[in-house]
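Trainee: Start counting the sequence shown at 223; every next residue gets the next number (the working numbering).
All C-beta atoms, glycine included, are put in the ideal place defined by N, C-alpha and C.
Here the structure is a predicted model, which means the values were calculated and not measured.
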Amino acid sequence: MKRPTYILIAFGTILSVAATLVVLSGKLNELSNDGTANSSVAFRSIALYWTLSVGLLLMVANRKRYWKQYLLGAFSVVLCITCIELILRVLAPALALREFHFLRSSQQHHILLPDTQYHLGRFEGEDIVVQTNIDGLRTHHSRENFLSLDRRIVCLGDSFTFGAWVQDAEAYPQILESLLRERAGNNSVGVLNAGILSYSPLLEEQMLERVVKHYKPHVVTLMLDCTDIGDDYHYSLEYDPEQKEGPFNGPYVTKPKPHFGALWRFAEPLHPSIMAPFKLLDRLGSDYQPMDPFDYYKFKIQVAGQVETERFFIYRHPLDVTRQYFDATWDTINRIAEGCKAINAEFILYVAPRYHHWNTKECPENWEAFAYALDEPYQYELFRYFEAKAESASFKIVNMLPAFQSTQKYPLVFRTDPHWNPQGNRFVANLLLRSLESDPTAETTP
């Protein structure tokens with residue numbers, strides 16, 4: 223080997239040793255989300271890229287002597303990767319899809335990629351696939367297609383509206399569209415699913431202003447969940463409508479995670495080591511903003527001298543104590559209603575219960591049972607608050623609790639997750655159908 227090769231190898235080794243010392247010193251912790259960088263990932267990444275760089279330098283140094291072997295080796299590697307990719311796509315088709323993840327947005331806090339087919343995950347033995355349109359909504363409707371319909375309804379909401387752990391066609395907005403079309407006897411009615419996981423009224427207000435209004439809806443519904451009060455408080459801590467770039471910190475939209483097919487997904491345990499240098503460069507950028515999809519589990523609020531760490535804090539305190547947080551969400555809902563009025567759309571608020579409000583036998587293996595008991599002392603305050611508001615509200619408020627309490631349908635949620643299962647989504651779609659058609663007899667067989 224020539225001298226430049228030795229110099230480059232020595233230079234790379236010095237850089238690797240320096241990087242190792244930086245990790246050992248704890249300086250890397252300052253760039254982590256929680257102040258504690260994963261040093262083992264950093265060490266593996268340093269070793270990986272040192273090995274790759276030395277190997278590449280040796281190959282370049284000996285290219286004239288071994289070029290035929292290199293060519294054969296490269297062909298073999300490409301052929302092997304191609305075969306493995308094809309086999310994985312046959313055995314596990316979902317691996318070929320992009321892994322579900324959010325993009326951080328200065329406009330809407332978090333959004334989904336447009337025109338993308340996601341793998342939400344495997345749940346209770348089924349791979350859940352999510353297809354988005356040009357605006358990152360879980361719907362088959364394009365703007366042009368939706369605008370051509372005679373009757374247009376948009377459903378705002380969080381994961382319950384989005385359809386967590388059900389297929390696209392099993393989410394209640396999609397079922398509602400089928401029911402309305404069946405009733406109309408034609409396809410002139412459209413229902414747009416504008417629900418996004420972990421949204422609350424504060425983010426749904428942004429969704430209405432920046433996306434939904436362009437679909438020119440005749441009716442806009444908002445499905446309110448009991449976590450929305452806490453989520454609104456949590457998001458309000460970083461919400462600033464006066465910011466020029468958008469109400470939330472960070473870039474207009476972050477770069478998506480890389481996706482190179484089934485083999486890339488299969489090799490997920492290697493991703494942290496491979497991507498570490500690129501993540502470090504992103505963090506050094508001036509507009510970097512971390513995107514933690516489970517940030518709301520770091521929830522903290524002081525209520526009546528007690529530190530609450532769950533969004534379900536409204537279950538544990540009387541309305542006299544929590545009213546200010548309800549009022550903040552109510553103000554946001556009123557702004558949404560005004561926004562709907564400005565685009566000549568009727569606005570309807572639906573207040574949804576959780577399974578423990580109507581049947582504690584549901585969801586026996588609830589994964590988030592740590593967050594709340596099944597009989598919290600003030601778990602019905604949500605409905606009491608909005609029942610009182612219904613008397614003076616300028617829009618329709620529908621309390622869904624009585625319908626759930628009176629139904630014999632079971633189960634309506636998953637065994638291990640409190641979200642509505644396919645039957646639960648169909649039940650909700652029928653409730654909305656009766657409400658929208660103002661016909662208490664409107665019902666179809668689930």
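Less than 7 Å between C-beta atoms, sequence neighbours within five positions excluded: which residues of the same chain meet that for Pro460?
Mentor: In the sequence shown, counting from the first residue as 1, residue 460 sits at position 238. Residue identity check: residue 460 is Glu in the sequence provided, not Pro. Excluding sequence neighbours, Glu460 sits near Phe470 and Asn471.
Trainee: Give me the Cβ distance between Leu230 and Leu279, rounded to the nearest whole Å; I'm assuming they're in contact under 8 Å.
Mentor: For the purposes of this step, residue 230 is identified with residue 8 of the sequence shown, where counting begins at 1. For the purposes of this step, residue 279 is identified with residue 57 of the sequence shown, where counting begins at 1. With 8 Å as the limit, Leu230 and Leu279 qualify as a contact, their Cβ atoms being about 5 Å apart.
Trainee: For Pro176, which residues of its own chain have a beta-carbon under 6 Å away from its beta-carbon, when the five flanking residues on both sides are left out?
Mentor: The shown model of the chain, from 223 to 668, leaves out residue 176, and the question about it has no answer.
Trainee: Please check the pair Gly385 and Arg360, which I expect to be a contact at CB under 8 Å, by giving their CB distance rounded to whole angstroms.
Mentor: The count along the sequence shown starts at 1 and reaches residue 385 at position 163. The count along the sequence shown starts at 1 and reaches residue 360 at position 138. Gly385 to Arg360, Cβ: 7 Å. Contact.
Trainee: Using the DSSP secondary-structure output, state which residues sit across from Met622 in a beta bridge.
Mentor: The residue labelled residue 622 in the question sits at position 400 within the sequence shown. In DSSP, Met622 forms no bridge with anything.
Trainee: For Leu571 and Asp549, what's the separation of their Cα atoms in angstroms?
Mentor: Here residue 571 is taken as the residue at index 349 of the sequence shown, counted from 1. Here residue 549 is taken as the residue at index 327 of the sequence shown, counted from 1. One C-alpha to the other measures close to 15 Å.
Trainee: Report the partner residues of Glu348 according to the DSSP bridge assignment.
Mentor: Here residue 348 refers to the residue found at position 126 when the sequence shown is read from its first residue. Paired residue(s): Phe345.
Trainee: Mind checking Phe636: buried by the 16 CB within 10 Å criterion, or exposed?
Mentor: Mapped onto the sequence shown, residue 636 falls at position 414. It counts as buried.
Trainee: Determine whether the beta carbon atoms of Phe322 and Leu342 lie at a separation below 8 Å.
Mentor: By one-based count along the sequence shown, residue 322 stands at place 100. By one-based count along the sequence shown, residue 342 stands at place 120. For Phe322 and Leu342, yes; Cβs fall inside 8 Å.
Trainee: Can you give the Cα-Cα distance for Glu427 and Pro336, rounded to whole angstroms?
Mentor: Sequence index remark: in the sequence shown, residue 427 carries index 205 (1-based). Sequence index remark: in the sequence shown, residue 336 carries index 114 (1-based). Distance between the alpha carbons of Glu427 and Pro336: 20 Å.
Trainee: When the distance is taken between beta carbons, is Arg311 closer than 8 Å to Thr449?
Mentor: Along the sequence shown, one-based indexing puts residue 449 at 227. Along the sequence shown, one-based indexing puts residue 311 at 89. Taking 8 Å as the Cβ cut-off, Thr449 and Arg311 do not qualify as a contacting pair.
Trainee: DSSP state of Arg648, grouped into three classes?
Mentor: The sequence position of residue 648 within the sequence shown is 426, counting from 1. Helix at Arg648.
Trainee: Applying the criterion that 16 or more other CB atoms from any shown protein chain within 10 Å of the CB defines a buried residue, is Tyr594 buried or exposed?
Mentor: Sequence index remark: in the sequence shown, residue 594 carries index 372 (1-based). Classification for Tyr594: buried.
Trainee: Cβ of Gly561 within 8 Å of Cβ of Leu430?
Mentor: As a position in the sequence shown, residue 561 is number 339, starting the count at 1. As a position in the sequence shown, residue 430 is number 208, starting the count at 1. Going by C-beta atoms, Gly561 is nearer than 8 Å to Leu430.
Trainee: Can you check which of these residues, Lys618, Ile306, Thr638 and Asn647, is closest to Lys631 by C-alpha distance?
Mentor: Here residue 631 is taken as the residue at index 409 of the sequence shown, counted from 1. Answer by Cα proximity: Asn647.
Trainee: By Cβ distance below 8 Å, which residues in the same chain neighbour Thr582 in space, the five residues on each side in sequence not counted?
Mentor: Position 360 of the sequence shown, counting from 1, holds the residue named residue 582. Counting only Cβ-Cβ distances below 8 Å, and skipping sequence neighbours, we find Leu596 and Asp597.
Trainee: Just to confirm, are Asp380 and Ser420 a CB contact at a threshold of 8 Å?
Mentor: Position 158 of the sequence shown, counted from the start, is the residue given in the question as residue 380. Position 198 of the sequence shown, counted from the start, is the residue given in the question as residue 420. In this structure, Ser420 lies closer than 8 Å to Asp380 by Cβ.
Trainee: Are there 16 or more other CB atoms within 10 angstroms of the CB of Gly527, so buried, or fewer, so exposed?
Mentor: In the sequence shown, residue 527 corresponds to position 305, counting from 1. Exposed is the call here.
Trainee: Entirely within the region 372–406 and at least 3 residues each: give me those beta strand (DSSP E) ranges in chain order.
Mentor: Taking only runs of at least 3 residues, the beta strand (DSSP E) segments lying wholly in the region 372–406 are 373–379.
Trainee: Could you tell me which residues DSSP pairs with Arg326 in its beta bridges?
Mentor: For the purposes of this step, residue 326 is taken as residue 104 along the sequence shown, with counting starting at 1. Beta-bridge pairing links Arg326 to His332.
Trainee: Going by beta carbon distance, what residues of the same chain come within less than 7 Å of Asn409, once the five residues before and after it are set aside?
Mentor: The residue given as residue 409 occupies position 187 in the sequence shown. Once the five neighbours on either side are set aside, the close Cβ partners of Asn409 are Arg403.
Trainee: Nearest to Thr235 by CA position, among Ile268, Leu541, Leu378 and Val299, is which residue?
Mentor: For this step, residue 235 is matched to residue 13 along the sequence shown. Looking at the Cα atoms, Ile268 is the closest of the given residues.
Trainee: With burial defined as no fewer than 16 other Cβ atoms inside 10 Å of the residue's Cβ, what is the status of Thr304: buried or exposed?
Mentor: Position 82 of the sequence shown holds residue 304. So Thr304 ends up on the exposed side.
Trainee: What separation, rounded to the nearest whole angstrom, lies between the Cα atoms of Arg266 and Ala416?
Mentor: Residue mapping note: residue 266 aligns to position 44 of the sequence shown, counting from 1. Residue mapping note: residue 416 aligns to position 194 of the sequence shown, counting from 1. Near 41 Å, if we compare the C-alpha coordinates of Ala416 and Arg266.
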